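**Q** The structure is given below, and queries will be raised subsequently.
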Ligand code: AMP
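Structural data, given as structure tokens:
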């Protein structure tokens with residue numbers, strides 16, 4: 108099962124990727140989480156990525172592609188994986204196709220999640236995450252507990268540095284310019300589904316899951 112969750116920041120890719128990962132036993136590969144982890148560990152990659160993320164811009168395609176190449180070669184990816192936040196540019200999408208061909212993987216199934224922009228902005232300004240495991244908290248679906256500790260791992264729950272109004276607008280602009288064109292690339296390839304993300308987490312998951320049950 109090789110899946111891509113595609114869509115603007117804040118449409119729920121991370122939440123749905125976690126649900127899919129849990130139900131189907133395949134890893135969630137979130138490039139955003141990987142970069143935030145590198146920043147926390149102070150690696151060379153983290154040092155390069157930190158300012159870029161804070162500005163709401165994209166890390167270079169070369170870096171992202173080599174990160175993904177290494178990640179999908181790990182043993183836990185044997186049964187498949189769900190990509191969350193990758194690919195974000197056409198060169199990344201084309202590089203991923205080459206990688207899939209090299210590894211003789213089946214063509215990925217792509218889900219585009221759509222949410223109106225005013226809802227996205229509201230969601231992102233309210234969103235919190237666990238700095239340790241990346242669990243997502245929001246007032247509606249998963250409110251932050253009183254002690255501000257993650258209910259899954261006990262980690263500290265924080266506001267992402269790039270979840271502020273200015274950076275959110277920049278990220279949406281970058282999405283329209285760089286990422287939205289990737290949609291056509293996957294639409295042309297066939298296995299492409301559009302999902303209404305402006306529903307409850309459960310309803311969105313059920314919609315994705317009903318498609319997965321038909322395909323796999
Ligand atoms: P996310 O957690 O997916 O919203 O990603 C947070 C930030 O990490 C993005 O705004 C980018 O700066 C960077 N990032 C994540 N994934 C990618 C990617 N595939 N290509 C370039 N930059 C990325």
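Numbering (the working numbering), first residue to last: 108 to 323. Ideal Cβ placement from N, Cα and C applies to all residues, glycine included. On a predicted model such as this, the values are computed, not experimentally measured, just so you know.
Taking DSSP as the reference, what is the three-state secondary structure of residue 160?
**A** For the purposes of this step, residue 160 is taken as residue 53 along the chain shown, with counting starting at 1. Helix, per DSSP.
**Q** Please identify the residue among 134, 198 and 208 whose C-alpha is closest to the C-alpha of residue 182.
**A** Counting from one through the chain shown, the residue named residue 182 turns up at place 75. Among 134, 198 and 208, the Cα nearest to that of residue 182 is on 134.
**Q** Using alpha carbons as the reference points, say which of 294, 109 and 238 lies closest to residue 187.
**A** Reading the chain shown from its first residue, position 80 is the one you call residue 187. Per the Cα distances, 109.
**Q** What does DSSP give as the partner residues of residue 236 in its beta bridges?
**A** Reading the chain shown from its first residue, position 129 is the one you call residue 236. Residue 236 is bridged to 243 and 265.
**Q** When every heavy atom of the ligand AMP is checked, does at least one fall within less than 7 Å of the C-beta of residue 195?
**A** Against the chain shown, residue 195 aligns to sequence position 88. The answer is yes for residue 195.
**Q** Residue 283: which of 163, 152 and 140 sits nearest, CA to CA?
**A** The sequence position of residue 283 within the chain shown is 176, counting from 1. Among 163, 152 and 140, the Cα nearest to that of residue 283 belongs to 163.
**Q** Measure the beta-carbon distance from residue 191 to residue 120 and round it to whole angstroms, keeping in mind my assumption that it falls under 8 Å.
**A** The sequence position of residue 191 within the chain shown is 84, counting from 1. The sequence position of residue 120 within the chain shown is 13, counting from 1. The pair is a contact, with the Cβ atoms about 5 Å apart (cut-off 8 Å).
**Q** Hey, residue 222 and residue 305 are a contact pair by Cβ (cut 8 Å); roughly how many whole angstroms apart?
**A** Here residue 222 is taken as the residue at index 115 of the chain shown, counted from 1. Here residue 305 is taken as the residue at index 198 of the chain shown, counted from 1. At roughly 5 Å, the Cβ-Cβ gap stays under 8 Å, so residue 222 and residue 305 are in contact.
**Q** Going by DSSP, what residue range makes up the alpha helix (DSSP H) through residue 204?
**A** For this step, residue 204 is matched to residue 97 along the chain shown. From DSSP, the alpha helix (DSSP H) with residue 204 extends over 197-209.
**Q** As an exercise, report each continuous alpha helix (DSSP H) stretch of at least 4 residues that is fully enclosed by the region 123-169, in chain order.
**A** With a minimum length of 4 residues, the continuous alpha helix (DSSP H) runs that stay inside the region 123-169 are 138-148 and 151-162.
**Q** Less than 7 Å between the CB of residue 269 and some heavy atom of the ligand AMP, yes or no?
**A** Counted from its first residue, the chain shown places residue 269 at position 162. Yes, the ligand AMP has a heavy atom inside 7 Å of this Cβ.
**Q** Are the beta-carbon atoms belonging to residue 227 and residue 117 less than 8 Å from one another?
**A** Sequence index remark: in the chain shown, residue 227 carries index 120 (1-based). Sequence index remark: in the chain shown, residue 117 carries index 10 (1-based). Taking 8 Å as the Cβ cut-off, residue 227 and residue 117 qualify as a contacting pair.
**Q** Could you give the C-beta distance for residue 129 and residue 171, rounded to a whole number, given that I count them as a contact under 8 Å?
**A** Numbered from its first residue, the chain shown carries residue 129 at position 22. Numbered from its first residue, the chain shown carries residue 171 at position 64. About 25 Å separates the two Cβ atoms, so there is no contact after all.
**Q** Counting along the chain, where does the beta strand (DSSP E) carrying residue 276 start and finish?
**A** The residue labelled residue 276 in the question sits at position 169 within the chain shown. First-last for residue 276: 272-281, but that is the alpha helix (DSSP H), not the beta strand (DSSP E).
**Q** Would the region 275-292 count as touching the region 150-165 if we require 3 or more Cβ pairs under 8 Å?
**A** The region 275-292 is in contact with the region 150-165.
**Q** Per DSSP, residue 219 forms a beta bridge with which residues?
**A** On the chain shown, residue 219 is found 112 positions in, with the first residue counted as 1. Per DSSP, 113 and 301.
**Q** Give the secondary structure of residue 313 by DSSP, where H, G and I count as helix, E and B as strand, and everything else as coil.
**A** Residue numbering aside, residue 313 sits at position 206 when the chain shown is read from its first letter. Residue state, collapsed to three classes: helix.
**Q** Please look up how many angstroms separate the CB atoms of residue 298 and residue 214, rounded, as I've assumed it's under 8 Å.
**A** The count along the chain shown starts at 1 and reaches residue 298 at position 191. The count along the chain shown starts at 1 and reaches residue 214 at position 107. Contact flag correct, Cβ pair sits at about 6 Å.
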